[in-house]
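Below is one structure, written out as structure tokens; the observations come after it.
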Amino acid sequence: GSLSHTSPHNLLLVAMGEPAAKRSRAFVDVPVTDGIYYMKMMVTEPVAAAIIGKGGSNLRAMQEMGGAVKISGSGVYFPTSSNRPVSIGGAPHVVGELLQIILDRQVEASVKPPANGPTTDASVLNLLVPNCTVSRLIGPGGEVRNEMCSQTGAKLSARDRIPGVLERVVSLSGSPEQIYALAQLVMDKMNLCPTFREGAQTVDYRHVHAGAPTKGKGKGAAAPRAPAQQPVPVSQHGYGAVQQAYGGSDQGYGGAQHYPVSQH
Numbered sequence: 011g012s013l014s015h016t017s018p019h020n021l022l023l024v025a026m027g028e029p030a031a032k033r034s035r036a037f038v039d040v041p042v043t044d045g046i047y048y049m050k051m052m053v054t055e056p057v058a059a060a061i062i063g064k065g066g067s068n069l070r071a072m073q074e075m076g077g078a079v080k081i082s083g084s085g086v087y088f089p090t091s092s093n094r095p096v097s098i099g100g101a102p103h104v105v106g107e108l109l110q111i112i113l114d115r116q117v118e119a120s121v122k123p124p125a126n127g128p129t130t131d132a133s134v135l136n137l138l139v140p141n142c143t144v145s146r147l148i149g150p151g152g153e154v155r156n157e158m159c160s161q162t163g164a165k166l167s168a169r170d171r172i173p174g175v176l177e178r179v180v181s182l183s184g185s186p187e188q189i190y191a192l193a194q195l196v197m198d199k200m201n202l203c204p205t206f207r208e209g210a211q212t213v214d215y216r217h218v219h220a221g222a223p224t225k226g227k228g229k230g231a232a233a234p235r236a237p238a239q240q241p242v243p244v245s246q247h248g249y250g251a252v253q254q255a256y257g258g259s260d261q262g263y264g265g266a267q268h269y270p271v272s273q274h
């Protein structure tokens, strides 16, 4: 069905299967009942520093907006990248406001990059999405992606799978305004997936063994390689098993800001 006449936060998805090359599998949508939505992305070190602020002042201000922000510790990156994971949660309008702040920080970092640090591309927002959720965003023959991109003017591409990692990078590209509009639609679809919600607050990946990216569904270059880290072995029995304890290095999500996720 068309998205153009549907409220962004009340999208009903039609069950869709895997590509013909694979056995068809229907997705079960689980409506959000607690009113809390999540979005997870990865940002460069300069953007992470701007999100946190001096002494954590910016991070606290964002949390005082009524939502929650969680960011990995310094030097703790999403596997095979040099970018730090960030999780935001709250009511849909609050998540939208938090996302706008993050996009603004990306623009600022792109205009004034650090002298010896990584550069930031403000025309791209890199979301972190479970492998099994990516198909929801693409749809049969790319129908869902094409409709969302046509509606917003932004582009969506899923990067290659990374062996040992149960998430993929989904890149939204365009102007900040176009990215924001597409991210809102993507957020609705992701939050209907219990697998996404189960790991939406995980930002520490030091325990994940990651191999070199391999070709998978979707287009886009593999995430850039980062210096090898020493992960702690963890048995991978499912998304929840891999994305366990956050560790002491994570910042944000104080006790009052931790939103429980219903287990379905």
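Numbered according to this note's numbering, the sequence shown spans residues 11 to 274. The C-beta atom is built at its ideal place from N, Cα and C for all residues, glycine as well.
Beta-carbon contacts of Ile-111 that lie in its chain and below 7 Å, excluding the five residues immediately before and after:
Stepping through the sequence shown from its first residue, residue 111 is reached at position 101. Excluding residues within five positions, the ones whose Cβ falls inside 7 Å are Met-72.
What is the DSSP secondary structure of Leu-137, counted as helix, strand or coil?
Here the question's residue 137 lines up with position 127 in the sequence shown. Note: Leu-137 maps to strand in three-state DSSP.
With respect to the alpha helix (DSSP H) encompassing Val-5, which residues constitute its N-terminal and C-terminal limits?
In the structure displayed, the chain extends from 11 to 274; residue 5 sits before or after that span and is not available.
Indicate the three-state DSSP secondary structure (helix, strand or coil) for Tyr-215 in the structure shown.
Taking the first residue of the sequence shown as position 1, residue 215 is located at position 205. It is coil, neither helix nor strand.
Residues that Met-197 bridges to, as DSSP identifies them:
Numbered from 1 along the sequence shown, position 187 holds the residue referred to as residue 197. Looking at the DSSP assignment, Met-197 forms no beta bridge with any residue, so it has no partner.
Check the C-beta distance from Met-75 over to Leu-108 and give it rounded, since I have them as a contact under 8 Å.
One-based indexing of the sequence shown puts residue 75 at position 65. One-based indexing of the sequence shown puts residue 108 at position 98. Taking a contact as a CB-CB distance under 8 Å, the pair Met-75 and Leu-108 counts as one, their CB atoms being some 7 Å apart.
Host beta strand (DSSP E) of Ala-168 (start-end)
Here residue 168 refers to the residue found at position 158 when the sequence shown is read from its first residue. Its beta strand (DSSP E) spans residues 165 to 168.
Residue range of the unbroken beta strand (DSSP E) whose run includes Met-49
Along the sequence shown, one-based indexing puts residue 49 at 39. That run of the beta strand (DSSP E) goes 47 to 53.
Provide the residue span of the alpha helix (DSSP H) that contains Glu-157, from first to last.
Locating residue 157 in the sequence shown gives position 147, where the first residue counts as 1. Glu-157 -> alpha helix (DSSP H) spans 153 to 162.
Bridge partners for Pro-95 per DSSP, in chain order?
Start at 1 with the first residue of the sequence shown, and residue 95 comes out as number 85. DSSP, once it has assigned bridges, lists Met-52 as partnering Pro-95.
For Leu-182, which beta-bridge partners are listed by DSSP?
The count along the sequence shown starts at 1 and reaches residue 182 at position 172. Under the DSSP definition of a beta bridge, Leu-182 partners with Leu-135, Leu-166.
Compare the Cα-Cα distances from Gly-163 to each of Ser-183, Met-200, Asp-44 and report the closest residue.
Position 153 of the sequence shown, counted from the start, is the residue given in the question as residue 163. Nearest to Gly-163 by C-alpha distance, out of Ser-183, Met-200, Asp-44, is Ser-183.
Count the C-beta pairs between the stretch 39 to 54 and the stretch 78 to 97 that are closer than 8 Å, then say yes if the count reaches three, no if not.
The stretch 39 to 54 vs the stretch 78 to 97: in contact.
Helix, strand or coil: how does DSSP classify Asp-79 here?
As a working note, residue 79 is residue 69 in the sequence shown. For clarity, residue 79 is Val in the given sequence; the question names Asp instead. In the three-state reduction of the DSSP assignment, Val-79 falls in the strand class, which pools E and B.
For the structure I just gave you, are there three or more beta carbon pairs, one from the stretch 174 to 193 and one from the stretch 119 to 126, closer than 8 Å?
Taking 8 Å as the limit for Cβ pairs, the verdict is that the stretch 119 to 126 does not touch the stretch 174 to 193.
Closest to Tyr-190 by C-alpha separation, out of Ala-119, Ser-92, Leu-135, would be which residue?
Residue mapping note: residue 190 aligns to position 180 of the sequence shown, counting from 1. Considering only Ala-119, Ser-92, Leu-135, the residue with the shortest C-alpha distance to Tyr-190 is Leu-135.
Out of Thr-143, Gln-161, Met-197, state which residue places its alpha-carbon closest to the alpha-carbon of Ile-98.
Position 88 of the sequence shown, counting from 1, holds the residue named residue 98. Closest option to Ile-98, Cα to Cα, is Met-197.
CA-CA distance, Val-40 and Ile-148?
Taking the sequence shown and counting its residues from 1, one reaches residue 40 at position 30. Taking the sequence shown and counting its residues from 1, one reaches residue 148 at position 138. The straight-line gap from Cα to Cα measures roughly 18 Å.
Which same chain residues, not among the five before or five after Thr-224, have their C-beta less than 7 Å away from its C-beta?
Against the sequence shown, residue 224 aligns to sequence position 214. So the qualifying residues of the chain are Asp-170, Arg-171, Pro-173.
Taking the alpha helix (DSSP H) that Pro-204 belongs to, which residues open and close that run?
As a working note, residue 204 is residue 194 in the sequence shown. In this chain, the alpha helix (DSSP H) harbouring Pro-204 covers 204 to 209.
Please state whether the Cβ-Cβ distance between Cys-142 and Thr-205 is less than 7 Å.
The sequence position of residue 142 within the sequence shown is 132, counting from 1. The sequence position of residue 205 within the sequence shown is 195, counting from 1. Yes, these two residues count as a Cβ contact at 7 Å.
Buried or exposed by the 16-neighbour rule on C-beta atoms within 10 Å, applied to Gly-152
The residue you call residue 152 lines up with position 142 of the sequence shown. Its Cβ having fewer than 16 others within 10 Å, Gly-152 is exposed.
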